[in-house]
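Numbering (this note's numbering), first residue to last: 21 to 190.
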C-alpha cells in the first residue's frame with residue numbers, strides 16, 4: 021500500500037484503495053492506511069489522508085474511533101494540505117454535547133478569523149465551529165459575532181459560501 025501511496029494517485033487509484041479497505045473484515049487494512057497518514061514521507065501521508073476522504077459513509081464510521089487523535093493532530097499540524105484533509109475528515113464525524121472539546125472549538129474560532137490561514141481551512145473551521153457549538157445558544161451567539169466580524173473583510177467564494185451556509189443555520 022505504501023508503494024501505491026508514494027506516487028501520484030489518480031481517481032482510479034483512490035477507488036482501488038477504497039475498495040481494498042472497505043468492509044468490516046478489512047479493519048486491519050484501514051488501520052494500516054491510517055498509520056500511513058503518519059508517515060514521514062509527505063506524499064504518502066497526504067495520499068493516505070486523501071483516500072480516507074473518499075471512504076463511503078459506512079467505512080468512514082471506522083474513523084470515529086480516531087476522533088480525538090485527529091483533533092490532536094490538527095492542533096499541531098503545520099502542513100496546510102494535511103490539515104485541510106484532516107479537518108475534512110472531522111467534518112464527516114458526528115458531534116454530540118458530551119464529546120465536545122473546548123480546545124478544538126477555540127482552535128476553529130482562531131483559525132476562521134486568521135487571514136493568513138488558507139481559505140479552505142478557514143471555511144472548514146467555520147463549519148466545524150458550528151457543528152460543535154450548535155447545542156449551546158450562548159456559544160452560537162459568540163459564533164455569530166465572530167462571523168459578523170469576518171464579514172467585513174473580502175472573502176473568497178468558498179469562504180463566503182461556508183459563511184452563508186452557517187449564517188442560515190444560525
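Backbone N, C-alpha and C define an ideal beta-carbon position, used for all residues, glycine too.
- Distances from the alpha-carbon of residue 141 to those of 37, 180, 30 and 31 put 180 closest.
- The segment 108 to 128 and the segment 142 to 158 touch, with three or more beta-carbon pairs separated by less than 8 Å.
- Taking each of 174, 68 and 54 in turn and checking the Cα distance to residue 135, the smallest one comes out for 174.
- In this structure, the beta-carbon distance from residue 41 to residue 29 does not fall below 7 Å.
- Taking the Cα of residue 112 as reference, the smallest distance to any Cα among 172, 74, 186 and 51 is reached at 74.
- Our two residues, residue 78 and residue 167, have alpha carbons roughly 33 Å apart in a direct line.
- By the criterion of a C-beta distance shorter than 7 Å, residue 90 is surrounded in its chain by 106, 109 and 110, once the five residues flanking it on both sides are discounted.
- With contacts defined by Cβ atoms closer than 7 Å, residue 83 and residue 68 do not form a contacting pair.
- Its Cα nearest to that of residue 104, the residue 139 stands out among 24, 139 and 119.
- Counting only runs of 3 or more residues that sit fully inside the segment 55 to 82, no beta strand (DSSP E) segment turns up.
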